[in-house]
Each structure stands twice: as structure tokens, then as C-alpha cells.
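Below is one structure, written out as C-alpha cells; comments come after it.
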Amino acid sequence: MRSLYLVATLAMLLSLPLGAQGTRTRIDVSKLGPQVGERVPDFTLFDQTGKGQTLQSIMGRRGAMLVFIRSADW
Amino acid sequence: MELQSRVKDLQAKGIGLATISYDSREVLAAFAKQHGVTFPMLADPGSETIKRYGILNTVVAEAFGPNKDDPAVKADVQRYISVVNPSPNMQGIAFPGTFMLDRQGRVTSRFFEDFYVERNTVSSVMKRLGVGTDAVAGSKISTEHLDLTTYPSDAAIAPGNRFSVVLEITPKRGMHVYAPGASGYRVVTLNIAEQPFVKTLAPAYPQSEVYHFKPLNERVPVYQKPFRLVQEIVIEGDVKAQAAFRGKESLTISASLDYQACDDKICYNPVSVPLSWTLNLRPLVLQRPTVSR
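Order-wise, the sequence lines are chains D and Y.
In case it helps, the working numbering puts the first sequence at residues 1 to 74.
In case it helps, the working numbering puts the second sequence at residues 1 to 293.
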């Protein structure tokens, strides 16, 4: 009878969800944003000279390198 | 400024270049003037475009929010925010990364950098490779054929040290890349750019498998499952090397990963993926501590 009680308790403990305190899932940056093969969103943004630029205007004849940086300030 | 030095090369290849950040136009104008930047630096204050790209660094806000003590949040702060304490004015920054685009705006490859590899998740490799306890900066890169995570074994080195760069490569579904012994194909090779006082040792390749390519009845050594390449690098420590590194704060190693991928029907053109690792340089000779009276 005691062993049955222990097994039942263990089964109950194991079925409780882990992280019941609310640990969210870790971020995997490789899953964020447009993936290989997908088209990136268009944009209209001012550059440092005040000129408006879009995805088309920054494009070279064979493509483009679009670099997101954290900040130029720090 | 590293990107500026690449402008001519990119122009020659017909590839446009622009940066995007949450900075105001004024901040970018000052930076561009100071560094002689000739390519567009795009201002996204308010981070509307950063959000539409899905790469807003949400960890910054969490570092100040109600769940800042959540272990997963703390681990992500450690991983994705710089080693200095996060400050509220960092809210709105993007996760830094690069998209290579074709003329239609489709992503051909992507490089996401500057996350800090946690030693305990790769501990078996790290223990073998390095003794440092710093977190190291890693990069994640995707091409049409494979996903790659790369990081150095140490965050800081001194002249005379040996360290390694690790490449964890996962061929995409149905793909394989060629392993040593595959004649007639571009064998996966890490080519480190030559640089004074930096020497490379023979790379360590894991065991490959034999692939039977039925259309040609060929049997070739390949990697189809995730595999790891480890490249040992030595920084010379003689007097000449020490003099060359004196006063320098960091060392950047550039390389390319060259490979050829095929699936079960066709072979793709060989690819060359540019890579680099930047390590902090520790001086070999410590300054004498000053004694105050």
C-alpha cells in the first residue's frame, strides 16, 4: 500500500507543469524576421542627408546588403 | 568604420548597402560625418520598420518590466544585451543582423550576430577548447543550403595564445555538403584570410558518411546531418608580434566557409560565406600597479 502511495505521489508531481511561475520561452534570434527565400518588407525612411529611401532606391543592380545595427550613438 | 571599408567592393559587385537603426537623422548625420560614411544610414526612430521586420529587441523592455526576474528573461538579457547594464534608452533597438537580398528583395542569406553563446550549453566543446569564463559572441547564418552557428572558444586572447573557432553546421532538409575525399566537388573548407602573426593549424573534420548519388552511380563522402568544424588558431607571441599588437584592443579574424551542396537531384553552385570573429586583445605584459602614498 505504501509503495502505491509513493507511486501515486510521484505521478502527480511529474504531471505538474514545470515553470508554473511563468518562465517564458527563450528567444532564438535565428527564427526572427524574414527567413531565407522570403521577401523583406518595403520601407520609406530618411537617410542621414535627409533623402527619402526605399528598398528599391538602396538596391544595387545585383541586390543589396541591409544591415540592422543597434545604434550609431553607442 | 568596418562597413565603409567594404563600400568599393560591394559597389564593384553591384550590391547596394544601407544600415537601419532607431537613431534619429541628426545622430546618423553626426556619425556619418565623423566616420566619412558614404552609404545610406536610415533613420527609424520609433522603430516602426524594425518592428515590421520582426526584429525589435524585446528583451530590453523586459529587463525593466514586471517579469525582469524571470530566469528566462535574465538569461536572454545576458545573451542579447551588451555586457554593460541595459539602460531604458536602449528600448527600440533592433537585434543586430544583416540580410543579403536579391533584386526582388528576397533574402538569399542572413547573418545574426552579437548574441552571447552560453558556455554551459556547449560545455563539452568549450571545456576541450578554452579556459576562459567570458561569454563569447556568436553568429548565426543561413544560406539556401545550410544553417550555421559560429563562435570563438575565447572572448579575449593575448599574443602567444592558441584558441579555436567553432562552426556548427546543419545542412537543410534534403541537402548534403561534400566532405574530405570527395573528388570533383568543392569540399567544405574554412579558409582563414592571411594576416601577420596569425597562424592556423590543421582543421579537425568529423567523420563523414558515404552518399550514393544514383543518377551517376557515384559514392562520395558527405555531411548530411549536423556536424561541427573546429579550427585552431595561434596568435604569435614573439617580440615582433607583441610590438605589432601593442595598443590594439581587438583582433578580427576574417575567413570564408567554402562549400558545395547538392540534394538528391541537382548540385548547386559552390558558395563562399564570409565570416569573421573579433576577440579582445589582452596585453601580454601587465603594467606595474602604481603604488599610492
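Glycine residues also receive a C-beta, built at the ideal position from the N, C-alpha and C atoms.
Paired residues, beta bridge with residue i - DSSP
i                : result
TYR259 (chain Y) : Y:VAL271
PRO221 (chain Y) : Y:VAL210
TYR151 (chain Y) : Y:VAL166
THR278 (chain Y) : Y:THR252
LYS199 (chain Y) : Y:VAL234
ALA43 (chain Y)  : D:PHE46, Y:SER21
SER142 (chain Y) : Y:ARG110, Y:ASP147
THR189 (chain Y) : Y:ASP258
ARG39 (chain D)  : Y:ARG106
ARG228 (chain Y) : Y:GLU168
ALA241 (chain Y) : Note: ALA241 (chain Y) sits in no beta bridge, so no partner.
LEU56 (chain Y)  : Y:ALA94
ILE157 (chain Y) : Y:LEU281
GLY247 (chain Y) : None; GLY247 (chain Y) has no bridge partner.
GLY181 (chain Y) : None, per the DSSP bridge assignment.
GLY78 (chain D)  : The requested residue 78 (chain D) is not part of the displayed model; chain D covers only 1 to 74.
Residue range of the beta strand (DSSP E) that includes residue i
i                : result
PRO171 (chain Y) : 162-171
GLN20 (chain Y)  : It should be pointed out that residue 20 (chain Y) corresponds to Ile in this sequence rather than to Gln. Taken as a continuous stretch (DSSP letters only), the beta strand (DSSP E) holding ILE20 (chain Y) covers 16-21.
PHE31 (chain Y)  : Here PHE31 (chain Y) belongs to no beta strand (DSSP E); instead the alpha helix (DSSP H) covers 25-35.
THR49 (chain Y)  : Taken as a continuous stretch (DSSP letters only), THR49 (chain Y) belongs to no beta strand (DSSP E), being part of the alpha helix (DSSP H) at 48-52.
ALA64 (chain D)  : 64-68
Short CB-CB distance (under 7 Å) between residue i and chain Y
i               : result
THR23 (chain D) : yes
GLY33 (chain D) : yes
GLY52 (chain D) : no
ALA20 (chain D) : Unreliable positioning characterises ALA20 (chain D) in this predicted model, as indicated by a pLDDT of 42, which lies under 50. A coordinate reading is not provided.
For residue j and residue i, believed in contact at Cβ under 8 Å, the rounded distance
i                : j                : result
TYR223 (chain Y) : ALA182 (chain Y) : Not a contact, Cβ separation roughly 10 Å.
ALA156 (chain Y) : ASN280 (chain Y) : 4 Å
ILE58 (chain D)  : ALA18 (chain Y)  : 4 Å
SER142 (chain Y) : ARG110 (chain Y) : 5 Å
GLY37 (chain D)  : VAL107 (chain Y) : 7 Å
ILE20 (chain Y)  : LEU42 (chain Y)  : 5 Å
ILE81 (chain Y)  : GLY160 (chain Y) : Contact flag wrong, Cβ pair sits at about 32 Å.
GLY92 (chain Y)  : TYR22 (chain Y)  : 4 Å
ILE233 (chain Y) : THR200 (chain Y) : 5 Å
HIS145 (chain Y) : ALA12 (chain Y)  : The Cβ separation is near 26 Å, so there is no contact.
PHE68 (chain D)  : LEU55 (chain D)  : Rounded, the Cβ-Cβ distance is 14 Å, inconsistent with contact.
Short CB-CB distance (under 7 Å) between residue i and chain D
i                : result
MET100 (chain Y) : yes
ASN120 (chain Y) : Because the pLDDT at ASN120 (chain Y) is just 40, under 50, the model does not fix this residue reliably, and the value given afterwards should be weighed accordingly. Judged by the 7 Å Cβ criterion, ASN120 (chain Y) is not in contact with chain D.
ARG52 (chain Y)  : yes
LYS140 (chain Y) : yes
MET175 (chain Y) : no
VAL27 (chain Y)  : yes
LEU146 (chain Y) : no
PRO270 (chain Y) : no
PRO71 (chain Y)  : yes
LEU167 (chain Y) : no
ARG282 (chain Y) : no
ALA61 (chain Y)  : no
PRO45 (chain Y)  : no
LEU310 (chain Y) : The structure shown does not extend to residue 310 (chain Y), since chain Y spans only 1 to 293, so no value can be given for it.
ASP76 (chain Y)  : yes
PRO40 (chain Y)  : yes
ASP23 (chain Y)  : yes
LEU17 (chain Y)  : yes
GLY97 (chain Y)  : yes
PHE111 (chain Y) : no
PRO159 (chain Y) : no
ALA32 (chain Y)  : yes
N- and C-terminal bounds of the alpha helix (DSSP H) containing residue i
i                : result
TYR178 (chain Y) : Unbroken run through TYR178 (chain Y) is the beta strand (DSSP E), 176-178; no alpha helix (DSSP H).
ALA63 (chain Y)  : 59-64
PHE99 (chain Y)  : That residue, PHE99 (chain Y), is in no alpha helix (DSSP H); its beta strand (DSSP E) goes 97-101.
LEU55 (chain D)  : 55-58
PRO71 (chain Y)  : 71-80
ASP9 (chain Y)   : 7-12
Min CB distance residue i to chain B below 7 Å
i                : result
THR189 (chain Y) : Absent here is chain B; the protein component of the structure consists of chains D and Y.
### Message
Assess contact between the region 43-55 of chain Y and the region 85-104 of chain Y, defined as three or more Cβ pairs (one per stretch) separated by less than 8 Å. Is contact present?
### Response
yes
### Query
Taking one C-beta from the region 181-196 of chain Y and one from the region 240-259 of chain Y each time, how about it: are there three or more such pairs within less than 8 Å?
yes
### Query
Should the region 210-230 of chain Y be regarded as contacting the region 243-251 of chain Y, the criterion being three or more beta carbon pairs within less than 8 Å?
no
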